[in-house]
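Here is the structure we will look at.
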Amino acid sequence: MFVLQRYVLLMFIGFLLIQPGSAMGNQNVTSLLNDDLEDSTDSWEFCSGASVVDITNVDAAVGPVSEGPNMLRFAPGSETCDFLGNSTAQVFHRVDIPANADGLTLSFWYYVKDVRPEVAVDGVWVRFTETTEIFDEEYQTNLLFIKLINVNNLPGWHLARTNIPANLLDEVLGQTVNLTFSLESTDTTSEDGAIYIDNINLNTGREQTTASPLPDGLQGDGSSPLVYLDTSGEMDVAVRADTDGSNAVPVAVPEELRPVLYDVQWSPNGRQLSLMNLSFIPLPPIDLDVIPAAVSILTIVDADGSNPREVLRTVGVPGIDDPTDINERPALDIIIRRLAWSPDGSKLALTQCARNRTNEMVVSDDVCQVNIINAADGERIHEIPQAGGGSWSGSDRFLFVEFLSDERPAGIWEARFEGDSVTETPVILHPRASGSFDYQDDYVSILPDRTQIATLRGIDGVTRTGEFSSREHSAITLIDAETFEARSALVIDHGVPDGPLVWSPDSSFLLYELTPYDSEQTDIWWFDVNSGETGVLIENATNPDWFGFPELSERVYLPMTLR
223 MFVLQRYVLL MFIGFLLIQP GSAMGNQNVT SLLNDDLEDS TDSWEFCSGA
273 SVVDITNVDA AVGPVSEGPN MLRFAPGSET CDFLGNSTAQ VFHRVDIPAN
323 ADGLTLSFWY YVKDVRPEVA VDGVWVRFTE TTEIFDEEYQ TNLLFIKLIN
373 VNNLPGWHLA RTNIPANLLD EVLGQTVNLT FSLESTDTTS EDGAIYIDNI
423 NLNTGREQTT ASPLPDGLQG DGSSPLVYLD TSGEMDVAVR ADTDGSNAVP
473 VAVPEELRPV LYDVQWSPNG RQLSLMNLSF IPLPPIDLDV IPAAVSILTI
523 VDADGSNPRE VLRTVGVPGI DDPTDINERP ALDIIIRRLA WSPDGSKLAL
573 TQCARNRTNE MVVSDDVCQV NIINAADGER IHEIPQAGGG SWSGSDRFLF
623 VEFLSDERPA GIWEARFEGD SVTETPVILH PRASGSFDYQ DDYVSILPDR
673 TQIATLRGID GVTRTGEFSS REHSAITLID AETFEARSAL VIDHGVPDGP
723 LVWSPDSSFL LYELTPYDSE QTDIWWFDVN SGETGVLIEN ATNPDWFGFP
773 ELSERVYLPM TLR
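In our numbering, the protein residues as written are 223 to 785.
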């Protein structure tokens, strides 16, 4: 029966667990802009609330992107700049598009200045247009819509980069057109509505984030071992390796826990491992009209694989696939998506998600909550509805993402544990009181010293793949934990990111998962927060966790299973 059980579990696992200053490579790039705002603005035309300003006169943090003092400022003006009266600030720049361009890449940095819910700014629209006759009887002809730059973002610098393939450029190839930035606003003269744009680049060819060689700072000496899942075989295997991926050996996982293992993490002191397995209820053999419910099993073992102790098993509800049965229903899966140990090892934060699933693998969206449990016995300490992810910033302080809900604003919140009481307070609220799906943070990770927060965030940028299709970009965003100034540190337009953001013990690197476009292989990538470079660390691998021994300088060996 065990063989049959493992076979059935493996059939389900692939579907259930796969959820739908950058290093940049250039391909045949030629700049199309006539000037860059620093030397001259002769080829730029301005309307109403649009102007060029000196950044030193602006109450804004000078980002790492400024090449000079000048940048564009968009604020609601007193005049309208289009026939329909929607825009109160516009900028035009005449550009010649080569007839043989094999694609275009538009990129720029923008700074959002304290945009609050009461400030009625819709965003900046970026287009190619035919005319600058603003008050002409005819509305400006839109040759190609590029992107809406949404202002629902945190204060700070953000990078927008859009790739447009040649097959979508028929209307502009071989023509002189206007690169147009247009502020859409129903506000009048609010300084809080200002958006600043700098380092505008329009180039032929395609630019995107590319892999760099492994830096010296990741050369392994065994003092800060990684643990991760090797996904190259039929079953995922927990592996321990040095920081450069070398000296990889299987971790001592009890044999009965190896099938359908989907997460492994060090305990804070390195003496234990938390293991997460997927199972189903009921187990085979089952009736054909029964839809097994997927559940998670959380087990803690010693680092040598001994003393397995089941801490928690979620409880799902099997479904019935029989149109003649009055009780026909989909299965209710209850799966733990993420786990985070508290620094003292006493508590675990579990992102637990529920969803319905039919026999045809049609599933509903996840509904998630965070459960804080006692690591010793699995007893629930606290429950946070409509939340997920998170990172401990202290043994009694937990940072989490509050999703869009009717109960309270979305954003990054903190739960503080004081004795038997728990207080939840907002740390960073998303603009617009109701929150924004476009700027939903994910995989929040804070440094232990609470100086920086890393998060994965959707950003304004796409890779166009068709007339009505595109791949949305995201970015690893670094946020100052005191001022909440945000910066797009790494644009992820080279694949689909997933998994946790894991800090290195010295705070110099972050690890993340990436599945390259047009590939089914997921790899672990590194990101250098100082240089902005990124690259592949371990191929065919997921769920990294980094264990630091900052007080040791010699190689550390942990007990491993024999091959």
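For glycine and all other residues, C-beta sits at the position ideal for the given N, C-alpha and C.
Spatially closest choice to residue i from the options, by CA coordinates
i, options, result
"A703", "P387, L621, V517 and G567", "L621"
"D715", "E707, L554, P738 and Q494", "P738"
"N743", "W488, P437, S726 and D720", "The identity of residue 743 in the sequence shown is Gln, whereas the question assumes Asn. Ranking W488, P437, S726 and D720 by Cα distance to Q743 puts D720 first."
"E735", "D767, T705 and D728", "D767"
"N400", "D318, G541, H380 and A433", "D318"
"T278", "W266, P291 and C269", "P291"
"D206", "L520, E477, G444 and D728", "This structure cannot settle anything about residue 206, because the visible part of the chain is limited to 223 through 785."
"P481", "P490, D264, Y665 and L497", "L497"
"L381", "R679, A598, P670 and D261", "R679"
"V644", "P437, I508, A632 and I594", "I594"
"P670", "S615, F690, L436 and G717", "S615"
"S613", "C575, D587, L570 and D642", "L570"
"G427", "I681, A297 and P387", "P387"
"G596", "I650, E478, D642 and A297", "Note on identity: in this sequence residue 596 is Asn, with Gly being the wrong assignment. Per the Cα distances, D642."
"T431", "E478, S726, W725 and V718", "V718"
"E478", "S501, V649 and D466", "S501"
"D750", "G299, D438 and I681", "D438"
"V798", "T705, A697 and P727", "Absent from the model: residue 798. The displayed extent of the chain is 223 to 785, so no value can be given."
Same chain, Cβ closer than 6 Å to residue i, five either side skipped, listed in chain order
i, result
"P545", "none"
"G378", "E707, A708 and R709"
"L254", "V317 and L424"
"I675", "I668, I701 and A703"
"P490", "W563, P565 and G567"
"F769", "P447, W488 and G492"
"I419", "L294, F330 and Y332"
"S729", "L669"
"E301", "S270"
"R559", "T573 and C575"
"F314", "E267, T354, N400 and T402"
"E646", "W635 and A637"
Distance CB(residue i)-CB(residue j) smaller than 8 Å
i, j, result
"I709", "T699", "Checking the displayed sequence, the identity of residue 709 turns out to be Arg instead of Ile. In this structure, T699 lies closer than 8 Å to R709 by Cβ."
"D294", "A272", "This sequence places Leu at residue 294; Asp is not what is there. Closer than 8 Å, so yes."
"L540", "V584", "Sequence check: residue 540 is Pro here, not Leu. No, the Cβ-Cβ distance between P540 and V584 is not below 8 Å."
"L520", "L534", "yes"
"V191", "I556", "As displayed, the chain neither begins before 223 nor continues past 785, which places residue 191 out of reach and without an answer."
"Q591", "I606", "yes"
"I417", "V486", "no"
"L712", "Y665", "no"
"D663", "F639", "no"
"T673", "G611", "no"
Sequence-distant residues of the same chain with beta carbon closer than 7 Å to residue i, five excluded per side
i, result
"W748", "L440, F731, L733, T756, G757 and L759"
"E340", "Confidence at E340 is low in this model, with a pLDDT of 47, below 50, so the placement of that residue should be treated as unreliable; the coordinate-derived value is given next. Here the set comprises nothing."
"R630", "E624"
"S627", "Q608"
"I503", "P514, A515, V517, G538 and P540"
"Q494", "I522, V523, D524 and A525"
"S454", "N762"
"N765", "Y450, L451, D485, V486 and G721"
"L436", "D466 and G757"
"L651", "P631 and G633"
Sequence-distant residues of the same chain with beta carbon closer than 8 Å to residue i, five excluded per side
i, result
"L483", "L451, M457, D458, V459, A460, V475, L497, M498 and N499"
"V274", "L259, T263, W266, F268, N292, M293, L294 and R295"
"V684", "K369, T384, N385, S692, R693, E694 and H695"
"I542", "D511, V512, I513, N549, E550 and R551"
Chain C contact for residue i (CB, 8 Å cutoff)
i, result
"N752", "Of the chains in the structure shown, none is chain C; there is only one protein chain."
Residue i: CB within 7 Å of a non-hydrogen atom of the ligand FAD
i, result
"E755", "In terms of ligand content, the structure shown is empty, and the ligand FAD therefore cannot be addressed."
> In the region 529 to 579, which residue ranges form an unbroken beta strand (DSSP E) of at least 3 residues, counting only runs that do not cross its ends?
Replying inline: 531 to 535, 553 to 563 and 569 to 579
> Does the region 444 to 455 touch the region 745 to 762, meaning 3 or more C-beta pairs lie closer than 8 Å?
Replying inline: yes
>> Pairs of beta-carbons, one from the region 322 to 334 and one from the region 387 to 404, closer than 8 Å: are there three or more?
In response: yes
> Would you call the region 574 to 586 and the region 524 to 532 touching, i.e. three or more CB-CB distances under 8 Å?
Replying inline: no
> Counting pairs of Cβ atoms below 8 Å between the region 509 to 519 and the region 458 to 472, do you hit three or more?
Replying inline: no
> At which residue ranges does the region 435 to 503 contain complete beta strand (DSSP E) runs of 3 or more residues, listed in the order of the chain?
Replying inline: 448 to 452, 459 to 463, 483 to 488 and 494 to 503
> At what residue ranges does the region 294 to 338 contain a whole run of the beta strand (DSSP E), taking only runs of 3 or more?
Replying inline: 309 to 318 and 325 to 334
> If you scan the region 693 to 739 from start to end, which runs of the beta strand (DSSP E) of 3 or more residues do you find wholly inside it?
Replying inline: 708 to 714, 717 to 725 and 731 to 738
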